[in-house]
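Before any comments, here is the structure.
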Amino acid sequence: MKWHFPLIRVARKDSNERLTKKVLQELEEFERETDTDKKAMEAIDVLYAAETLVRVFFSKYPSLSFDKIKQKIVKNNKRRGYYKDKRE
């Protein structure tokens, strides 16, 4: 997996719950922001927080394969018709 951001130093106190709350906090900040440039930054903060959650989660469970799980998600979403047709 190619990550978008550098890995942050994760403190022991950064549990799944704490990291999830960070994602939710960033989503709330995105929702509240009215300035387009600042809203764009908040959108990227959401991505960063979510990426950190995913990275920390998978580092705690090295037997899980990120790529295999991602492939299952893509397959399910394709089956549901979530992806744009290439001809569009």
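In this note's numbering, the protein residues as written are -15 to 72.
Just so it is clear, CB atoms sit at the ideal spot from N, CA and C, and this is done for glycine as well.
All figures in this text were calculated on a predicted structure; none of them were measured in a lab.
Burial state of residue i (16 or more Cβ within 10 Å)
i, result
"Ala33", "buried"
"Glu10", "buried"
"Val7", "buried"
Simplified DSSP assignment, three categories, for residue i
i, result
"Phe(-11)", "coil"
"Ser(-1)", "coil"
"Arg63", "helix"
"Met22", "Position check: residue 22 holds Lys in this sequence, whereas Met was assumed. Helix at Lys22."
"Glu15", "helix"
Distance, residue j Cα to residue i Cα
i, j, result
"Ala27", "Thr4", "16 Å"
"Ser43", "Leu37", "10 Å"
"Phe41", "Glu13", "23 Å"
"Lys70", "Val30", "28 Å"
"Phe50", "Met(-15)", "8 Å"
"Thr20", "His(-12)", "22 Å"
"Asn60", "Ile53", "11 Å"
Complete runs of the alpha helix (DSSP H) confined to the stretch 24 to 51 [at least 4 residues]:
none
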